[in-house]
Amino acid sequence: RSYFNSVTRLPSIAVELQDEIVSYLPSRDARSVMQTCKGLWYPAIRHLYSDVALSELRARKFFRTISETGQPYPDLVKSLHYVIRETGDVYLTYVIFCQALLRMQNLKALTITVPPTLSPLLLFHLRRNSIIRPRCGPFPVILPRLRMLNVNGDFKISALTLLRDIVSLSLTEVLDGESFKSFLNATKDQVGLKTNLQRLIITLHPTAGSRISAAMVLLDSNFPSLIALTIRTPTVNALEASAILASTPAIFLKLCAFSLNDWSILEPVFVMRESDAIARQRGHVLTCRRMREGLQSLTFRSLKWNKSSDHSGWFNHHVLDQDLEGSLVSEERASYPLFWEVVYRDAAPFTAADREEVLKPLLT
């Protein structure tokens with residue numbers, strides 16, 4: 001302790017070295033350093049608050065500190081993962097969380113996880129009261145630096161359209177037909193989201209995803225700049241999905257990676273003969289590649305198409321472990337849809353008339 005105190009009082013110690021010392025230590029040791037070494041107090045605080053993961057046991061104390069402190073703690077939080085647990089007064093903690101969120105003006109990544117085991121009363125409150133509101137009190141812009149928003153569970157974000165600079169959005173709660181329509185209507189006129197959103201994970205109920213080509217056309221109309229798209233929906237036709245990506249007018253022209261039902265290593269179901277299905281999809285994939293210079297991969301359950309490194313063409317293989325951002329998916333949500341199949345079967349072509357009919361509600 002005396003050694004640290006003597007070292008950190010030296011005016012010549014560089015800020016980079018202070019950060020290096022603190023980041024090297026586990027969080028428990030970093031707290032001790034913060035308490036005993038005045039010279040490392042601010043670097044330790046900046047390190048501890050930059051990436052915060054909370055469950056209900058510590059959440060209320062943290063959010064109250066953020067809401068009431070005169071210290072610069074709110075501005076230091078860059079990444080926050082809040083897991084709502086049914087311990088203590090969940091709703092009171094949630095209210096304090098909403099207040100604290102307004103002060104985190106430098107927050108770049110927010111992940112909220114709502115386990116499906118919460119009581120119906122708590123879920124009712126979480127659905128009714130949005131964490132992001134149009135009126136922010138003394139704050140002119142809410143979460144102005146937020147770039148990544150991950151929502152695991154049934155959670156209300158009524159003012160999503162205020163978050164115009166988001167580049168990554170993950171919604172793991174199943175959206176039925178009405179919810180999907182509300183989501184599209186809420187975002188259709190937001191120029192910021194249209195141009196900035198690059199990565200989207202979305203989960204659709206059969207009422208919204210039964211015809212995957214229609215859902216993909218609707219998503220393209222709102223988010224044409226996507227470079228990575230993951231869609232999860234029960235019993236989806238892989239040939240229909242690859243066919244719409246290969247059709248004209250082309251959708252998602254900037255797409256680099258597409259994945260369909262990515263959360264299981266189970267094999268796709270071939271209703272038709274497997275060799276015929278693979279041959280047909282290969283044609284779709286080659287057409288997709290010609291339309292999109294940056295396309296790198298197309299994944300249908302565990303069947304993945306990649307461009308070979310020796311430029312000899314595209315090949316398919318079965319992946320045992322999807323290389324996805326695991327932090328975007330809560331543990332509770334990642335395991336329950338065991339029978340959300342990818343099926344290979346014939347599908348009716350998606351015509352220009354179909355496209356016009358699908359887009360008509362958004363154009364009115």
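Just so we're aligned, residue 1 is where the sequence shown starts under UniProt numbering, counting upward by one.
Heads up, the beta-carbon is just placed ideally off N, CA and C, and yes, glycines get one too.
Just to confirm, is the Cβ distance from residue i to residue j under 7 angstroms?
i, j, result
"Tyr-344", "Ala-246", "no"
"Phe-223", "Leu-204", "no"
"Val-90", "Leu-122", "yes"
"Val-83", "Ser-55", "yes"
"Leu-107", "Leu-146", "yes"
"Val-342", "Phe-300", "yes"
"Ala-208", "Gly-177", "yes"
"Leu-171", "Leu-110", "no"
"Ile-212", "Val-236", "yes"
"Tyr-49", "Leu-76", "yes"
"Gln-296", "Ser-242", "no"
"Val-217", "Arg-355", "yes"
"Lys-307", "Trp-314", "yes"
Looking only at DSSP bridge pairs, what is residue i linked to?
i, result
"Leu-122", "Bridge partners of Leu-122: none, in fact."
"Ile-231", "Ile-202 and Leu-260"
"Asp-51", "Ser-79"
"Leu-149", "Leu-110 and Leu-169"
"Tyr-42", "Bridge partners of Tyr-42: none, in fact."
"Leu-175", "Leu-204"
"Asn-222", "Paired residues: none, contrary to the question."
"Val-191", "BP columns for Val-191 are empty, so no partner."
"Val-358", "Note: Val-358 sits in no beta bridge, so no partner."
"Asn-237", "Val-343"
Label residue i either buried or exposed according to how many other C-beta atoms from any shown protein chain fall within 10 Å of its C-beta, with 16 as the threshold for buried.
i, result
"Glu-240", "buried"
"Leu-92", "exposed"
"Val-114", "buried"
"residue 366", "Residue coverage of the chain in this structure runs from 1 to 364, which leaves residue 366 outside it and unanswerable."
"Asp-276", "exposed"
"Asp-220", "buried"
"Gly-153", "buried"
"Val-151", "buried"
"Met-272", "exposed"
"Arg-58", "exposed"
Exercise. May I have a chain-ordered list of the alpha helix (DSSP H) segments no shorter than 4 residues that lie completely inside the segment 253-318?
Key: Runs found: 274-291.
Quiz item: Unbroken beta strand (DSSP E) runs of length 3 or more, entirely within the segment 54-98: which are they?
Solution: Along the segment 54-98, the beta strand (DSSP E) occurs as fully enclosed runs of 3 or more residues at 79-83, listed in sequence order.
Practice problem: Decide if the segment 96-113 is in contact with the segment 49-68; the criterion is three or more beta carbon pairs, one per stretch, under 8 angstroms apart. | Solution: By the Cβ criterion, the segment 96-113 is in contact with the segment 49-68, since at least three pairs of Cβ atoms, one from each stretch, lie closer than 8 angstroms.
Quiz item: Are the segment 281-296 and the segment 248-260 touching by the rule of at least three beta carbon pairs closer than 8 angstroms?
Solution: Because the criterion of three Cβ pairs below 8 angstroms is met, the segment 281-296 and the segment 248-260 touch.
Quiz item: How do the segment 218-232 and the segment 256-276 stand: do at least 3 beta-carbon pairs fall below 8 angstroms, yes or no?
Solution: Judged by pairs of C-beta atoms under 8 angstroms, the segment 218-232 touches the segment 256-276, as three or more such pairs exist.
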